[in-house]
Amino acid sequence: MMDFLFGSRKTPQEMLKQNQRALNKAQRDLDRERTKLEAQEKKLIADIKKSAKANQMGACKVMAKDLVRTRRYIQKFYQTRTQVQAISLQIQTFQSNQQMATAMKGVTKALASMNKGANLPQISKIMEDFARESEMMDMKQEVMNDAMDDAMEDEDDEEETDQILSQVLDEIGIDMNQKVLILIQIL
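Residue numbers (our numbering): 413 to 599.
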């Protein structure tokens, strides 16, 4: 019922957005006013030149004072805009930090739940069992490969292999005996 009278409470995120919008609007307003002053500065310069040509030194002096004052105001507008930008940046930094803190909170909760569910002794035992079974499988595979090689290997295969190797070496101009001598010298 009180929300109807005073409006609903705004979340910090909504307040940050509202303040950011207000700062952006203030920057645009400052830019608009500065642009008007710069146009007025150009007009004053033109009027001073016109009055100087007409030999109206009193008017030139008054307009020169106005020009100096206008330039000071322009400089103040630049300074004020810079300050507003700095405040806007601080608000953005605060908002980023708040989002980062919220994310860290979620990550912390996730890590805590994972740590509760992790049974280190059980995981360690599973890894040991896996390593043992994997090693046993490798040994069995090696024994089977050796048995298969022994059963399939034929004396003719070795002679045929040597013949093909000799033929390839002859084609590239290396004698098999010469190759063996080169290998012996290297070793």
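C-beta: ideal position from N, C-alpha, C; glycine also. Quick caveat: nothing in here was measured; it's all calculated off a predicted structure.
- With at least 16 other beta carbons inside 10 angstroms of its own, Ile460 counts as buried.
- In the three-state DSSP reduction, Arg421 falls in the coil class, being neither helix nor strand.
- Pairing Gln507 with Leu428 gives a Cβ-Cβ distance under 8 Å.
- By the Cβ neighbour-count rule, Met475 is buried, with 16 or more other Cβ atoms within 10 Å of its own.
- Judged by pairs of C-beta atoms under 8 Å, the region 475 to 491 does not touch the region 504 to 524, as fewer than three such pairs exist.
- DSSP places Asn531 outside any alpha helix (DSSP H), giving it a letter other than H or E.
- Note on geometry: alpha-carbon atoms of Met512 and Thr505 lie some 10 Å from one another.
- Assigned with DSSP and collapsed to three states, Gln468 falls in coil, not helix or strand.
- The beta carbon of Tyr485 sits closer than 6 Å to those of Leu449, all from its chain and outside the five residues before and after it, given in chain order.
- Counting other Cβ atoms within 10 Å of its Cβ, Thr447 stays below 16 and is therefore classed as exposed.
- Judged by beta-carbon spacing, Arg493 lies within the 8 Å limit of Leu442, meaning their Cβ atoms are closer than that value.
- Every candidate alpha helix (DSSP H) stretch fails here, since none sits fully inside the region 429 to 453 while reaching 4 residues.
- The Cβ atoms of Val496 and Gln439 lie closer than 8 Å to each other.
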